[in-house]
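Heads up: the structure comes next, in structure tokens.
Number of protein chains: 2
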Amino acid sequence: MTDTAGRLLTLLSLLQTPREWPGSELARRLEVSPRTIRRDVDRLRELGYPVEASMGAEGGYRLVAGTAMPPLLLDDEEAVAIAVGLRTAARQTVAGIEEASVRAMAKLEQVLPARLRRRVGALGAATLPVVLGADGVTVDPEHLTVLASAIANRERLRFRYSAADGAESRRHVEPLHLVPSGRRWYLVAFDPERDDWRFFRVDRMTALSPTGARFAPRALPADDPAAYLAEHMLSRAPTYTAVATVRLPARDVRARFPGVDVEAVDERTCVLRNFTDTVEYLAFHLLQLGCEFEVHEPPELVRHLRELHDRIGRAVGPG
Amino acid sequence: MTDTAGRLLTLLSLLQTPREWPGSELARRLEVSPRTIRRDVDRLRELGYPVEASMGAEGGYRLVAGTAMPPLLLDDEEAVAIAVGLRTAARQTVAGIEEASVRAMAKLEQVLPARLRRRVGALGAATLPVVLGADGVTVDPEHLTVLASAIANRERLRFRYSAADGAESRRHVEPLHLVPSGRRWYLVAFDPERDDWRFFRVDRMTALSPTGARFAPRALPADDPAAYLAEHMLSRAPTYTAVATVRLPARDVRARFPGVDVEAVDERTCVLRNFTDTVEYLAFHLLQLGCEFEVHEPPELVRHLRELHDRIGRAVGPG
DNA sequence: ACCAATGCGGACAGGTTCCGCCCTCGATTC
DNA sequence: GAATCGAGGGCGGAACCTGTCCGCATTGGT
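Heads up: the sequence lines are chains G and L, in that order.
Using numbering that gives the first Met the number 0, read the first sequence as starting at 0 and increasing by one per residue.
Using numbering that gives the first Met the number 0, read the second sequence as starting at 0 and increasing by one per residue.
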């Protein structure tokens, strides 16, 4: 049995290579008869993984897209590449798939062999984080996976927390949800010592340690954790909407910034409305266009650009 | 058999969730007796996937890191998250794992169900590419996967190419290698019409289509494709080394830019040597530090910063 | 037009394996 | 101490797997 099942997995991994495999070669590799290979292929098809076969000489088998994801069989390097990719993606927080990213990271971390984990750590450290926030704080992807595990496993969690006012405290809570908000992450947890629900900014948590003790999850006094968070946050990060005139055809701007509100003024000019939580990010986008522009809103952005202007002036000296 | 193998896969997918599963629940879910679950767990262990069990009440099974990667069983959202992560990572070209990233992308794309592919496409488009090159060209991740497949499958490839001098041509080549070089990608291929090896910049290729026709791979007249490319490139993209003095402790700079050569001058100042292929990238890094700095080299960077200075000045008007 | 290489699938026989049901033992938590 | 959970041995009957036949369809090259 371990024989057959193992062989099926090996077969899947071979067929996932983007090439065609003749049955004879598969038989040689797996050390069974070609007839068994045909049967194995049938089995895979029965399991819902569509194996396509091309007839004739030069024919062979290969796995194609079906209706469900087959198990991914990765070699070491591919696994590292995926882990690094998820980390960088988690740092930038691609809208709409934050939770899924973290789940995938947690899943991968759980089974990633130690030697690969070291490589991921090294590569992740060597990668420049694109920090565009005023505070320059980024969430540690490692923390996210620890939190996701604790939540899924219903384990109590200890950590140290530095509140916004600088007060340090030790906490021992029952974590329930991880909520992304802009480029930040919040943990929604019940704090038994204070007998109430609390929110914690993940980047302010340190010395995380799941205690291993289980708890029965309590019901949140709201349906949607994100809505509950929004409702109870005393101070939310301010957001800005930039309004700027850009000397570039609207079409070009749309192509480079999908998702940004662009309104054409004439053939070569358009008005751009962008929305984010840091002026640094907005300034970066405008500069990145590489064309003349004019900022109307908000005053914070104008101030930030002036500061950049002056700083560059001091950096390169008088022209 | 499909029964047993399928059950093993389901079991693996359950155990990959970051939580513990009591055997009784697994038995209920998989509709077999607890004894069979124990045997299945043994089988997984025999296959090299370390399943850990905690004894006693509240006990259960869970998959832990072993020496080899187990097959990853992803739900739809996780698969999308990984695909998006790989795309963004491929665009930024994390040093050392470029090929592995592309391989993983090709593997995933090959089996990604159509409905998920659409979601990946939509999300990928909505994600702002961090374009920091002078030309603003980024490689289309889709192209990379097509090329990787064609290479692995030894399929001939048709495409249109815009050479550096602007000349358009149609090509029909035998692709052999994909070589990353800085943030660019090159295809090393044999061109039968010209009876010689050629290099193509991937971002200049359009209308890619694998023809399906096979070819017997020829031997490259060199051991290392990357070395061969470097040797034969007539015009390589120029690279720059920035030398700048930064008003920030060396320790802080190192923490934020691992991999960059930083030399402390005094407690609050350091000299930074950074190396890239575009001045835009260098300028961005320096500005991102958010502190006073002074640029010594190269003149191109100084020129670029002056231009930024003037452009910002025109954008926000006189202070 | 023919041949070679490939995939497809039925039948059969022998050996293997799997599954559920018993049982006991050890560890852990309440 | 009781309850819960994992570990593992043994048994019998049923199911399954594998290899070896076989003939057939499809494709590409000579």
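Ideal Cβ placement from N, Cα and C applies to all residues, glycine included.
Span of the beta strand (DSSP E) around residue i
i, result
"Asp-202 (chain L)", "No beta strand (DSSP E) holds Asp-202 (chain L); DSSP gives it neither H nor E."
"Ser-168 (chain G)", "167-180"
"Ser-53 (chain G)", "50-53"
"Glu-262 (chain L)", "260-265"
"Asp-190 (chain L)", "183-190"
"Arg-61 (chain L)", "59-62"
"Ala-324 (chain G)", "One cannot answer for residue 324 (chain G) here, as it falls past the ends of chain G, which runs 0 to 318."
Span of the alpha helix (DSSP H) around residue i
i, result
"Ser-148 (chain L)", "140-152"
"Tyr-280 (chain L)", "278-287"
"Leu-219 (chain L)", "Where Leu-219 (chain L) is concerned, there is no enclosing alpha helix (DSSP H), given that its DSSP letter is neither H nor E."
"Glu-299 (chain G)", "298-315"
"Leu-46 (chain G)", "Leu-46 (chain G) -> no alpha helix (DSSP H), and no H or E assigned at all."
"Val-101 (chain L)", "97-110"
"Gly-65 (chain G)", "Counting along the chain, Gly-65 (chain G) falls outside any alpha helix (DSSP H), and DSSP gives it neither H nor E."
"Leu-73 (chain G)", "No alpha helix (DSSP H) contains Leu-73 (chain G), which DSSP labels as neither H nor E."
"Arg-27 (chain G)", "22-29"
Buried or exposed (CB count within 10 angstroms, at least 16 for buried), residue i
i, result
"Thr-210 (chain L)", "exposed"
"Arg-155 (chain L)", "buried"
"Leu-7 (chain G)", "buried"
"Met-104 (chain L)", "buried"
"Ala-163 (chain G)", "exposed"
"Thr-241 (chain G)", "Checking the sequence shown, residue 241 (chain G) turns out to be Ala, not Thr. So Ala-241 (chain G) counts as buried."
"Asp-194 (chain G)", "exposed"
"Glu-30 (chain L)", "exposed"
"His-303 (chain G)", "buried"
"Met-54 (chain L)", "exposed"
"Gly-22 (chain L)", "buried"
"Arg-200 (chain G)", "buried"
"Ala-215 (chain L)", "exposed"
"Pro-69 (chain L)", "buried"
"Arg-86 (chain G)", "buried"
"Thr-277 (chain L)", "buried"
"Asp-260 (chain G)", "exposed"
"His-284 (chain G)", "buried"
"His-308 (chain G)", "buried"
"Asp-39 (chain L)", "buried"
"Leu-131 (chain L)", "Caution is warranted here: a pLDDT of 49 is assigned to Leu-131 (chain L), below 50, making its placement in the model unreliable, and no coordinate value can be reported."
"Ser-100 (chain G)", "buried"
"Pro-179 (chain G)", "buried"
"Arg-183 (chain G)", "buried"
"Gly-84 (chain L)", "buried"
"Glu-97 (chain G)", "buried"
Heavy atom of the ligand ATP within 7 Å of residue i beta-carbon
i, result
"Trp-196 (chain L)", "Inclusion of the ligand ATP in the displayed structure is not the case, the ligand content being empty and no account of it being possible."
Interfacial residues, the region 292-318 of chain L to chain G, with Cβ spacing under 7 Å
Within the region 292-318 of chain L, contact with chain G at the beta-carbon level (separation under 7 Å) is assigned to Phe-292, Glu-293, Val-294, Val-301, Leu-304, Arg-305, Leu-307, His-308, Arg-310, Ile-311, Gly-312, Arg-313, Ala-314, Val-315, Gly-318.
Scan the region 142-160 of chain G for residues whose Cβ lies nearer than 7 Å to a Cβ of chain L and list them as they occur along the chain.
Cβ contacts with chain L: Ala-147, Ser-148, Ala-151, Asn-152.
Given a limit of 9 Å on CB to CB distance, which residues of the region 52-81 of chain G reach chain L?
So the close ones are Glu-57, Arg-61, Leu-62, Val-63, Ala-64, Gly-65, Thr-66, Ala-67, Met-68, Pro-69, Pro-70, Leu-71, Leu-72, Leu-73, Asp-74, Asp-75, Glu-76, Glu-77, Ala-78, Val-79, Ala-80, Ile-81.
Is the region 169-176 of chain G touching the region 217-226 of chain G, taking contact as three or more C-beta pairs under 8 Å?
Look at the beta carbons and you see the region 169-176 of chain G touching the region 217-226 of chain G: at least three pairs across the two are nearer than 8 Å.
Using a Cβ-Cβ cut-off of less than 9 Å, give me the residues of the region 93-115 of chain G that come near chain L, in sequence order.
Legend: CB atoms of the region 93-115 of chain G lying less than 9 Å from CB atoms of chain L belong to residues Val-93, Ala-94, Gly-95, Ile-96, Glu-97, Glu-98, Ala-99, Ser-100, Val-101, Arg-102, Ala-103, Met-104, Ala-105, Lys-106, Leu-107, Glu-108, Gln-109, Val-110, Leu-111, Pro-112, Ala-113, Arg-114, Leu-115.
Count Cβ pairs between the region 239-259 of chain L and the region 179-193 of chain L that sit closer than 8 Å; are there 3 or more?
Of all C-beta pairs linking the region 239-259 of chain L to the region 179-193 of chain L, fewer than three are shorter than 8 Å, placing the two stretches out of contact.
With three or more C-beta pairs closer than 8 Å as the rule, is the region 196-215 of chain G touching the region 138-147 of chain G?
When Cβ pairs closer than 8 Å are counted between the two stretches, the region 138-147 of chain G is seen to touch the region 196-215 of chain G, the count reaching three or more.
Residues of the region 18-37 of chain L whose Cβ lies closer than 9 Å to any Cβ of chain G, in chain order:
Those residues of the region 18-37 of chain L placed with their C-beta closer than 9 Å to a C-beta in chain G are Arg-18, Glu-19, ordered along the chain.
Using 8 Å as the cut-off, can you tell me whether the region 10-21 of chain L makes contact with the region 50-66 of chain L, which would need three or more C-beta pairs spanning the two stretches below that distance?
Touching, per the Cβ criterion.
Under 7 Å (Cβ pairs) to chain L, residues found in the region 176-201 of chain G
Taking 7 Å as the upper bound on Cβ-Cβ separation, chain L lies near no residue of the region 176-201 of chain G.
Between the region 207-228 of chain L and chain G, which residues of the former have a C-beta closer than 8 Å to a C-beta of the latter?
Cβ proximity to chain G below 8 Å picks out Arg-213 from the region 207-228 of chain L.
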